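**Q** Going down the list, the protein sequences come from chains A and B. Sequential numbering from 0 applies to the first sequence in numbering that gives the first Met the number 0. Sequential numbering from 0 applies to the second sequence in numbering that gives the first Met the number 0.
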Amino acid sequence: MHKKSSGADVLSHLTRERLAELESRPRTPLRVFMDYVICFMPVIFGLLALAEYLYVPNLKGNKSTSTYTYFLAILIATAGMYFVMSFFSKKIFLVLRYKAPFYSFIFVLLAAYDYMTLKTGKLVLPYFTWTDEILNAIIDDRAYLLDCTINSLKLLFTGYLSGALLGIVTGVACGCSRNADYWISPFMKLLGAIPSPTWIPIVMVIASTLFSGAVFIIALGVWYSLTIATMTGIRNIDKSYYDAAKTLGASPLRLVLNVAVPFAVPNILQGLTQGMSTACLTLITAEMVGVESGLGWYVSWQRSWAQYGKMYAAIVVLCIVFIAVNWGLNAVKRRLLRWQEGMTE
Amino acid sequence: MNVLELSHVHKSFARTEGEDVTQALEDINFTVNDGEFLSIVGPSGCGKSTIMRLIAGLIFPTAGTITLNGEIIKGTDTERGMVFQKPTLFPWLTAEENLHFTARMQGRRKDSSYMAEAERLLEMAGLAEFRNDYPHQLSGGMAQRLALIRTMINNPKVFLLDEPLGALDAFTRMNMQDEILRLWQQSNHIVLMVTHDIDEAIYLGTRILVMAPRPGRVRADLKNDMPYPRVRTSDEFLQWRKRVLGMLDFGQKNTKEVSA
């Protein structure tokens, strides 16, 4: 693995992977073996979790189906597939070697939760249901859950996008113009102290429809985050960029659009992430308090009927949705901040 | 024929604290014509950079006038290009996009003659194969060369160099001096270059403006007609060194007799 190759042609066809391999210290055979054992760990722990579900007897009266068996089987199969692929791709191996301990831990958590609910009832019904029940609830109510998810996402993105757009515009105005700053900043200071869900009761009464009211509140929180972030970004700009751009023929408008805004992009993206978490919080609160659709509403509705299995089902869907949204946001971030790659090295 | 003229230019700055005002430049007078390379030397605080920024149109004189071809300078313009001590490349643009920035700002069409010129400049600066790199991936010398050609693509009538080589190591610096010289000889426009380095001033300038600090004023305006390429170790060069050093002597009392 760690051959000192003297041939120049080997060194001229270096890839990033090969380079890392050449420069890393040689690994002992034991170390190599242990690395592969660790990569295989998720499969072992997955099988243990499966055994726990299938062979430990249920607490009297608790019923289980094969849904959870399939669920675990799919997860184990995926882990196994990655393990096999890690022999063929160095990249997959490195990722798996890094993540495997945590994946194993997830199986431990799943098994422990199953043991404490389905098998022993240490966590009491109806507040805690076992995973099998939750999965079945998702499958049974899937059409309605999908409908709720779509409603939630509609509300979330209408509020988020309008708030973000307005926030960037306000932030740019405040960052670039003293006049705008003079008139807007005092309101920012006043509004900034109030968490946006505070407005829900007032807006719900005033707004013409519940949807528009909720959009307004979500947008408000996002608008605030984005204004502050954009303003900070623009104010931190090194003035020499303006000087250079001016001598290169940039008009005042161009200075804003082609110098100030690109410079503030890292801050704006940070504001977008922060705004998204505020938006999610506000969305769920609004749905629980007033709006009669969406996942937040579904959660509180099922709870009021003591349908805890369905409540957890909606919470699981919520988690998946928010993780997906954040993942998308991070992808956008990486794309836009390509120019920073390796800058902090 | 381009003529840059500074007449009775004074410049004062308000201090950040208090009511005090600092006088940065006092009664600056000089004229530069096409084909002249003016080196400006002097200790820090003598307002060298302030002169550059005034000519660029980034700031305005407190009193006096600055004219290019008889017209008073009212702001920045691409006919007066400036290169700063820091490369001031836009970090979010690649090398090539930085070069095209000024065309974008002016809404200039990127026709074939423009692209050919851009290509020629990239080749000349040795940046052709780094065109897709971002500024932080370039070395100090490459970044400064990019800053130079980014201004040169406008073919400015007046080229203002505000210590552009100050942050470079000695070898890169000497190479860059030759490059600047070649560029100036090709275009034959006006070049003004601020420097701390007396060697650099003598090596490049057809004229050397020696300045004194607090408030900044011109102590001497020397014509340097040594033929190019100048040899740094020649007797004549060393004589020049002695002369300029004497003028910048810290024993300021005897400057008069030296400058004679």
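Glycine is no exception: its CB is placed at the ideal position from the N, C-alpha and C atoms. Note that the structure is predicted; figures quoted are calculated from it, not measured.
With a threshold of 7 angstroms on Cβ separation, who are the neighbours of S85 (chain A) within its own chain once the five nearest residues in sequence on each side are excluded?
**A** The answer, listed in chain order, is C38, I91, F92 and L95.
**Q** Could you check if L53 (chain A) is buried or exposed, using at least 16 other CB atoms within 10 Å of its CB as the buried criterion?
**A** With fewer than 16 other Cβ atoms within 10 Å, it is exposed.
**Q** Which bits of chain B does N257 (chain A) rub up against, with CB to CB less than 9 angstroms?
**A** Within 9 angstroms Cβ-Cβ: F89, F100, R103 and M104.
**Q** State the Cα-Cα distance for the pair G34 (chain B) and K156 (chain B), rounded to the nearest angstrom.
**A** If I take the Cα positions, the gap works out to 10 angstroms.
**Q** For I148 (chain B), would you say it is in contact with chain A, using Cβ-to-Cβ distances shorter than 9 angstroms as the test?
**A** Cβ-Cβ to chain A under 9 angstroms: no for I148 (chain B).
**Q** Given that a residue counts as buried once 16 or more other Cβ atoms are within 10 Å of its Cβ, and exposed if not, what is V221 (chain A)?
**A** Burial call: buried.
**Q** Mind listing the chain A neighbours of F83 (chain B)? Cutoff is C-beta to C-beta under 8 angstroms, in chain order.
**A** Ordered by position in chain A, the residues that pass the 8 angstroms Cβ test against F83 (chain B) are S239, D242 and A243.
**Q** Give the residues of chain A in contact with L57 (chain B), contact being defined as C-beta atoms less than 8 angstroms apart.
**A** The answer, in chain order, is D242, K245 and T246.
**Q** Excluding the five sequence neighbours on either side, which residues of its own chain have a C-beta within less than 6 angstroms of the C-beta of A263 (chain A), listed in chain order?
**A** These residues qualify, in order along the chain: T229, G232 and I233.
**Q** Tell me, please, which residues DSSP counts as bridged to M210 (chain B).
**A** B:V217, per the DSSP bridge assignment.
**Q** Assign C318 (chain A) to one of two classes, buried (16 or more other C-beta atoms within 10 Å of its C-beta) or exposed (fewer than that).
**A** It counts as exposed.
**Q** Nearest by alpha-carbon distance to P228 (chain B): which of B:G63, B:I201 and B:I72 is it?
**A** The shortest C-alpha separation from P228 (chain B) is found at B:I201.
**Q** Quick check on the burial criterion: 16 or more other C-beta atoms within 10 angstroms. Buried or exposed for H188 (chain B)?
**A** Result: buried.
**Q** Looking at the secondary structure, which residues open and close the alpha helix (DSSP H) in which E265 (chain B) lies?
**A** Any answer about residue 265 (chain B) is impossible in this case: the structure gives chain B only from 0 up to 259.
**Q** Assess, as a yes-or-no matter, whether the stretch 270-286 of chain A is touched by the stretch 154-166 of chain A under the definition of 3 or more beta carbon pairs within less than 8 angstroms.
**A** Contact between the stretch 154-166 of chain A and the stretch 270-286 of chain A is present, because at least three Cβ pairs lie under 8 angstroms.
**Q** Can you tell me whether DSSP reads H188 (chain B) as helix, strand or coil?
**A** Reduced to three states, the DSSP call for H188 (chain B) is coil.
**Q** Anything in chain A within Cβ reach of T15 (chain B), meaning under 7 angstroms, just list it in chain order.
**A** Chain A residues near T15 (chain B): none, gap ~14 angstroms exceeds 7 angstroms.
**Q** Here's a check: name, in chain order, each residue in its chain whose Cβ is nearer than 6 angstroms to the Cβ of P415 (chain A), leaving out the five neighbours to either side.
**A** Residue 415 (chain A) lies beyond the range of chain A shown here (0 to 344); nothing can be said about it.
**Q** Could you tell me the distance, in whole angstroms, from the CA atom of F59 (chain B) to the CA atom of K73 (chain B)?
**A** The alpha-carbon atoms of F59 (chain B) and K73 (chain B) are separated by roughly 8 angstroms.
**Q** What does the alpha-carbon distance come out to for the pair T169 (chain A) and L268 (chain A)?
**A** Computed Cα separation, rounded: 15 angstroms.
**Q** Assign K309 (chain A) to one of two classes, buried (16 or more other C-beta atoms within 10 Å of its C-beta) or exposed (fewer than that).
**A** Classification of K309 (chain A): buried, given that the 10 Å Cβ count is 16 or more.
**Q** Does any CB atom of chain B fall closer than 9 angstroms to the CB of R253 (chain A)?
**A** For R253 (chain A), the answer is yes, since a Cβ of chain B falls inside 9 angstroms of its Cβ.
**Q** Return the Cβ separation of I39 (chain B) and I50 (chain B) in integer angstroms, given the expectation that the two are a contact with Cβ distance under 8 angstroms.
**A** Right, the Cβ-Cβ distance comes to about 7 angstroms (below 8 angstroms), so this counts as a contact.
**Q** List, in order along the chain, the chain A residues whose C-beta lies closer than 8 angstroms to that of Y113 (chain B)?
**A** By Cβ distance, chain A contributes nothing, its closest Cβ being about 14 angstroms from Y113 (chain B), past 8 angstroms.
**Q** Which residues in chain B have a C-beta closer than 9 angstroms to the C-beta of V264 (chain A)? List them in chain order.
**A** Chain B residues near V264 (chain A): W91.
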